[in-house]
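Enquirer: Pasting a structure below so you can have a look.
Listed below in structure tokens is the structure:
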């Protein structure tokens, strides 16, 4: 018998609607600033929708619930996407999104744990999987059912620490760790494969001893399928190599490879209209 | 108490190092390894983390007695620091054991962002500080106190005496938050006389008092400062020795009480004179506007080299004779 998700388990159509709502939140948060990490926020919306509304167990009114599943966003500049998920899931008030990037607010552009619900401050790249490793070890030692989910950026794979962590998570046989590698082929200096060509990313994770799956990271059914497989794995961590398109979900932004996207007011309005706002 | 010589690791030849303190100084072996096991036996949240330096960090005892709470992360210091943060966030009290250089320089960004910034309950234990390492610049932490002192939330301690190790291990475990403890590996002198009030975190520990001035020292320099004070006494000078086992937070009131005597004050540390204990004391005194004969003894802004501790302490000005000469240099001519 297969192991079911501990989370809300919304069906695919409802998750797709949630992902659209997350994308609207992302546009609304970035719009007042005129530019920002909108491409990344839109690109990872499907993964976040699947995690927060299907897969993960958590309590919006008790964020430090011991038995919660945990999510770590290693590329913390995707924070706008995480904030959208936290707001939509009731883990933070909706109106807090209006403070995104404002002085004095915990809604920092590089997500920090000043905001409850952010499990660790990972803006310095390469650290997220290592923090997840420590959490997973402690959770296993305490025999808790919690799983630890991580999103890792593809540019971040260039940090050696990512591979220190990959090696250790596999060596400790932490089947309670599931990492999404968000392969959006974008980093500050351009296309990831033109800066440092990492070749076959899935082969690398496989070689490091991970149960490795390759999917379209903007396809809810494929994300759910991968999460299901990850849940059945009992001896190895799972790496889901998820190819995503920056800006996915908004026709004229999709495939715009800009680390810090310009989003003038008219573009934001068009985007919101497309997203059904 | 044991006075047996440290065993060399299999396959590794370590230059036989003559002790830096005088012959006949009573020694205690592997005080940290014993103290950590004792702590963990009482506190089930204590976990022991390492990075392929189990024997050299005295944690082989922990590994053998409490294997279910011993985690070796291999040669990967960045990873172990962040993993420790993750474990602490779930309620563990991780003691991360490596060499001082690797706990500070090597993994600074990880320590700063995953341990100091979130103020998590991780204890970093760095072995072979300063010139107690025979390994040259790769293994000699002459800047670790400066680095760790600059991190918000981080406490910095260093035991001076074999029996003090257990007291400090207890104290830092009781403190909820990040701590960096630098400690010489292997044998430590038993130099603090019985009857001296026990170390209290954040307070100076006066060992002797002196009408003619004070030597304020940390770590292995305390034993050498006591030797220097003995020599000065023979020369007719009454010099007190104070142990600064807590470099951060520095005992401001304690420092000012010494400074207000107006007598010469020498700070001695097994560290660069930049950014360490001497600098911290100078900051407190100068901000208080107190004038007194003051000196810092430490590594004078140079990298050292591989060699025995006895050789290096003499060459780089950390020896008992150097402490005595530095103190005499503060006296009115």
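Protein chains in written order, with this note's numbering: chain A, 746 to 1022; chain B, 84 to 416. Heads up, the beta-carbon is just placed ideally off N, CA and C, and yes, glycines get one too.
If contact means a Cβ-Cβ distance below 7 Å, which residues of the stretch 226 to 255 of chain B contact chain A?
Expert: Listed by position along the chain: nothing, the set is empty.
Enquirer: In or out: residue 88 of chain B buried (at least 16 other Cβ within 10 Å) or exposed?
Expert: Any reading at residue 88 of chain B must be qualified, since the residue scores a pLDDT of 43, below 50, and its modelled position is unreliable; the value itself is stated next. Exposed, because fewer than 16 other Cβ atoms sit within 10 Å of the Cβ of residue 88 of chain B.
Enquirer: Could you list the residues in the stretch 861 to 875 of chain A with a C-beta less than 9 Å from some C-beta on chain B, going in chain order?
Expert: Of all residues in the stretch 861 to 875 of chain A, 864, 865, 866, 867, 868, 869, 871, 872, 873, 874, 875 have a Cβ within less than 9 Å of some Cβ in chain B.
Enquirer: Check the Cβ of residue 903 of chain A against every Cβ in chain B and list those closer than 9 Å, keeping chain order.
Expert: Those do not exist, as residue 903 of chain A stays about 14 Å from chain B at its closest Cβ, beyond 9 Å.
Enquirer: Going by DSSP, what residue range makes up the beta strand (DSSP E) through residue 298 of chain B?
Expert: 296 to 300 is the span of the beta strand (DSSP E), which, as asked, contains residue 298 of chain B.
Enquirer: Between which two residues does the beta strand (DSSP E) carrying residue 361 of chain B extend?
Expert: No beta strand (DSSP E) contains residue 361 of chain B, which is instead part of the alpha helix (DSSP H) from 360 to 370.
Enquirer: Let me confirm a value: residue 1040 of chain A is counted as buried when at least 16 other C-beta atoms fall within 10 Å, else exposed. Which label applies?
Expert: This structure cannot settle anything about residue 1040 of chain A, because the visible part of chain A is limited to 746 through 1022.
Enquirer: Tell me whether the beta-carbon of residue 927 of chain A lies closer than 7 Å to the beta-carbon of residue 866 of chain A.
Expert: In this structure, residue 866 of chain A does not lie closer than 7 Å to residue 927 of chain A by Cβ.
Enquirer: Let's test the definition: count the other Cβ atoms within 10 Å of the Cβ of residue 141 of chain B and tell me whether it reaches 16, buried, or not, exposed.
Expert: The residue in question, residue 141 of chain B, is buried, as its Cβ has 16 or more Cβ neighbours within 10 Å.
Enquirer: Between B/222, B/207, B/219, B/267, which lies nearest to residue 238 of chain B when the distance is taken from Cα to Cα?
Expert: Nearest C-alpha to residue 238 of chain B: B/207.
Enquirer: According to DSSP, simplified to helix, strand and coil, what is residue 125 of chain B?
Expert: Helix.
Enquirer: Give, in chain order, every residue of the stretch 107 to 126 of chain B whose Cβ lies closer than 7 Å to some Cβ of chain A.
Expert: So the list is empty, because no residue satisfies the distance condition.
Enquirer: Exposed or buried, which one is residue 937 of chain A when buried takes at least 16 other CB atoms within 10 Å?
Expert: Its Cβ being crowded by 16 or more others within 10 Å, residue 937 of chain A is buried.
Enquirer: When the Cβ atoms of the stretch 829 to 845 of chain A are set against those of the stretch 995 to 1015 of chain A, are three or more pairs found closer than 8 Å?
Expert: No contact exists between the stretch 829 to 845 of chain A and the stretch 995 to 1015 of chain A.
Enquirer: Just to make sure I have the definition right: I need the residues of chain B whose C-beta is within less than 7 Å of the C-beta of residue 879 of chain A. Which are they?
Expert: What residue 879 of chain A touches in chain B: 165, 166, 167, 168, 169, 170.
Enquirer: Mind checking if residue 911 of chain A is an interface residue toward chain B, Cβ cutoff 7 Å exclusive?
Expert: No, residue 911 of chain A lies away from the interface with chain B (no Cβ there is under 7 Å from its Cβ).
Enquirer: Please state whether the Cβ-Cβ distance between residue 277 of chain B and residue 349 of chain B is less than 7 Å.
Expert: Their beta carbons are not under 7 Å apart, which means residue 277 of chain B does not touch residue 349 of chain B by this criterion.
Enquirer: Do residue 274 of chain B and residue 872 of chain A count as a contact pair if the criterion is CB distance below 7 Å?
Expert: Not in contact: residue 872 of chain A and residue 274 of chain B (Cβ atoms no closer than 7 Å).
Enquirer: Taking the beta carbon of residue 941 of chain A as the centre, do at least 16 other beta carbons fall within 10 Å, making it buried, or is it exposed?
Expert: Flag for residue 941 of chain A reads exposed.
Enquirer: What does the Cβ neighbour count give for residue 229 of chain B, buried or exposed, with the cut at 16 atoms within 10 Å?
Expert: Buried.
Enquirer: Roughly how many whole angstroms lie between the Cα atoms of residue 225 of chain B and residue 188 of chain B?
Expert: Going by the C-alpha atoms only, they are around 10 Å apart.
Enquirer: Cα separation between residue 794 of chain A and residue 217 of chain B?
Expert: Taking the straight line joining both Cα atoms gives about 55 Å.
Enquirer: DSSP puts residue 927 of chain A in a beta bridge; with which residues?
Expert: In DSSP, residue 927 of chain A forms a bridge with A/898, A/987.
Enquirer: Can you check which of these residues, A/777, A/748, A/768, A/932, is closest to residue 844 of chain A by C-alpha distance?
Expert: For residue 844 of chain A, the nearest C-alpha among the options comes from A/777.
Enquirer: Leaving out five residues on either side along the sequence, give the residues of the same chain with a beta carbon under 6 Å from the beta carbon of residue 959 of chain A.
Expert: 947, 986, listed in sequence order.
Enquirer: Should residue 352 of chain B be labelled buried (16 or more other beta-carbon atoms within 10 Å of its own) or exposed?
Expert: Classification for residue 352 of chain B: buried.
Enquirer: Specify the secondary structure class of residue 402 of chain B as computed by DSSP and reduced to three states.
Expert: If DSSP states are grouped into helix, strand and coil, residue 402 of chain B belongs with coil.
Enquirer: Name, please, each residue of chain C whose Cβ falls closer than 8 Å to the Cβ of residue 884 of chain A.
Expert: Checking the listed chains, one finds no chain C in this structure; the protein chains it contains are A and B.
Enquirer: Measure from the C-beta of residue 102 of chain B to each C-beta in chain A and report whether the shortest distance is under 7 Å.
Expert: Chain A contact via Cβ: absent.
Enquirer: Just the Cα atoms here: how many angstroms apart are residue 897 of chain A and residue 817 of chain A?
Expert: One C-alpha to the other measures close to 9 Å.
Enquirer: Tell me, to the nearest whole angstrom, how far the beta carbon of residue 846 of chain A is from that of residue 998 of chain A; I am working on the premise that it is less than 8 Å.
Expert: No, residue 846 of chain A and residue 998 of chain A are not in contact; Cβ-Cβ is about 19 Å, not under 8 Å.
Enquirer: Give me, in chain order, the residues of the same chain whose beta-carbon lies closer than 6 Å to that of residue 292 of chain B; leave out the 5 immediate sequence neighbours on both sides.
Expert: If we look at residue 292 of chain B and ignore the five residues flanking it on each side, its Cβ neighbours are 323.
Enquirer: So if DSSP puts residue 932 of chain A in a beta bridge, which residue, or which two residues, is it bridged to?
Expert: BP columns for residue 932 of chain A point to A/935.
Enquirer: Going along the chain, which residues of its own chain have a beta-carbon closer than 7 Å to the beta-carbon of residue 399 of chain B, five neighbours each way excluded?
Expert: Contacts found: 214, 382, 387.
Enquirer: Short of 8 Å Cβ to Cβ, which residues in the stretch 181 to 210 of chain B face chain A?
Expert: Residues 192, 193, 196, 197, 200, 201.
Enquirer: Using CA atoms only, rank isn't needed, just tell me which of A/970, A/964, A/752 is closest to residue 762 of chain A.
Expert: Closest option to residue 762 of chain A, Cα to Cα, is A/964.
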